[in-house]
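*Asks:* In my numbering, the protein residues as written are 137 to 240. Here it is: the structure, laid out below.
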């Protein structure tokens with residue numbers, strides 16, 4: 137019985153530590169996430185799109201640059217029309233968030 141409590145405790149604590157293996161989501165985080173949402177928008181028309189992403193594995197290894205500046209550079213954008221995000225992931229193992237910039 138003691139062994140079962142010990143195993144349960146390790147699993148429970150481990151699940152608390154993996155909360156960083158997710159990104160923003162308007163619907164909350166599920167076992168699998170694939171959502172898109174807005175950050176900001178203007179009335180400027182968009183002719184170009186740039187995307188920048190960051191990802192995490194188990195909330196332990198985190199890489200990437202999901203900044204607006206990186207997305208602007210990727211799309212050769214100087215005037216921003218809108219900024220959105222895309223989040224995909226398989227909780228608690230992997231998460232990826234991309235910033236999508238549209239503009240001129």
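The beta-carbon is built from N, C-alpha and C at its ideal position, and this holds for glycine as well. Given the structure is predicted, the values throughout are model-derived calculations rather than measurements.
Express the C-alpha separation of residue 198 and residue 226 in angstroms, rounding to a whole number.
*Replies:* Working through the chain shown from its first residue, we reach residue 226 at position 90. Working through the chain shown from its first residue, we reach residue 198 at position 62. Their Cα atoms are separated by approximately 15 Å.
*Asks:* For the structure I just gave you, are there three or more beta carbon pairs, one from the segment 210-225 and one from the segment 179-197, closer than 8 Å?
*Replies:* yes
*Asks:* Since residue 203 and residue 236 should fall inside the 8 Å C-beta cutoff, what is the C-beta to C-beta distance between them, to a whole number of angstroms?
*Replies:* As a first step, residue 203 must be located in the chain shown, where it is residue number 67. As a first step, residue 236 must be located in the chain shown, where it is residue number 100. In fact, because the Cβ distance is near 12 Å, the residues do not count as touching under 8 Å.
*Asks:* Pick out the complete beta strand (DSSP E) segments inside the segment 206-235, 3 residues or longer, and give them in chain order.
*Replies:* For the segment 206-235, whole beta strand (DSSP E) runs of length 3 or above, ordered along the chain, are 216-226.
*Asks:* Express the C-alpha separation of residue 141 and residue 205 in angstroms, rounding to a whole number.
*Replies:* What you label residue 205 is simply residue 69 of the chain shown in a count that begins at 1. What you label residue 141 is simply residue 5 of the chain shown in a count that begins at 1. Looking at the two C-alpha atoms, the distance is approximately 48 Å.
*Asks:* What is the rounded straight-line gap between the Cα of residue 201 and the Cα of residue 220?
*Replies:* Residue 201 sits at position 65 when you count from the first residue of the chain shown. Residue 220 sits at position 84 when you count from the first residue of the chain shown. Roughly 15 Å separates the two Cα atoms.
*Asks:* Alpha carbon to alpha carbon, what distance is there between residue 138 and residue 239?
*Replies:* Position 103 of the chain shown holds residue 239. Position 2 of the chain shown holds residue 138. Their backbone Cα atoms lie some 60 Å apart in a straight line.
*Asks:* Label residue 228 either buried or exposed according to how many other C-beta atoms from any shown protein chain fall within 10 Å of its C-beta, with 16 as the threshold for buried.
*Replies:* Translated into positions along the chain shown, residue 228 becomes position 92. The residue is buried, with at least 16 neighbouring Cβ atoms inside 10 Å.
*Asks:* Please report the distance separating the alpha-carbon of residue 194 from that of residue 143.
*Replies:* Sequence index remark: in the chain shown, residue 194 carries index 58 (1-based). Sequence index remark: in the chain shown, residue 143 carries index 7 (1-based). Approximately 19 Å, taken between the alpha carbons.
*Asks:* With a threshold of 16 other CB atoms inside 10 Å of the CB of residue 208, please say whether the residue is buried or exposed.
*Replies:* For this step, residue 208 is matched to residue 72 along the chain shown. It is buried - the Cβ of residue 208 has at least 16 other Cβ atoms within 10 Å.
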